[in-house]
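Chemist: Throughout, the numbering used here is defined as the position within the sequence shown, counted from one, plus 74. For glycine and all other residues, C-beta sits at the position ideal for the given N, C-alpha and C. In this text the structure is predicted, and so the values were computed from the model without any measurement. The structure is given below, and queries will be raised subsequently.
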Amino acid sequence: MIIVSTKHFLFGENGGEKLAKEFNIKLLGKIPFHSTIAKNCDAGTPELIHNHSHLNKIYLDISKSLINQ
75 MIIVSTKHFL FGENGGEKLA KEFNIKLLGK IPFHSTIAKN CDAGTPELIH
125 NHSHLNKIYL DISKSLINQ
C-alpha cells in the first residue's frame, strides 16, 4: 500500500484551484506525488492495475468527472 504523508504542491498550495478559477475550468482532482506512481508512469504501467484502492479512487473520480462533462 502506498501512503502519501507529505504533501507537495506543484502549483503552490491551492494553486490548482486558482488556475482552474483563472481559466474558468473545473478542477478534476488532485493526484498525489509519490515515487512509485512516477516509476509506474515512466514504465507505462497504469496505476489502476496496482491494488492501491485510495489512489484508484482518485483516478476513477477524475475519470468520472471527465465523462460527466
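1. If we cut at 8 Å on Cβ distances, does L140 have a partner in chain C?
2. Quick one: using the 10 Å Cβ neighbour count with 16 as the cut-off for buried, is L122 buried or exposed?
3. Does the separation of the CB atoms of F85 and L93 fall below 8 Å?
4. Quick one: is L129 buried, meaning 16 or more other Cβ sit within 10 Å of its Cβ, or exposed?
5. How is the alpha helix (DSSP H) around L93 delimited, first residue to last?
Modeler: Per the coordinate set shown:
1. Considering every chain present, this structure includes no chain C. It has just one protein chain.
2. Answer is exposed; the Cβ neighbour count stays below 16.
3. With contacts defined by Cβ atoms closer than 8 Å, F85 and L93 form a contacting pair.
4. Per the 10 Å Cβ criterion, buried.
5. From DSSP, the alpha helix (DSSP H) with L93 extends over G89 to E96.
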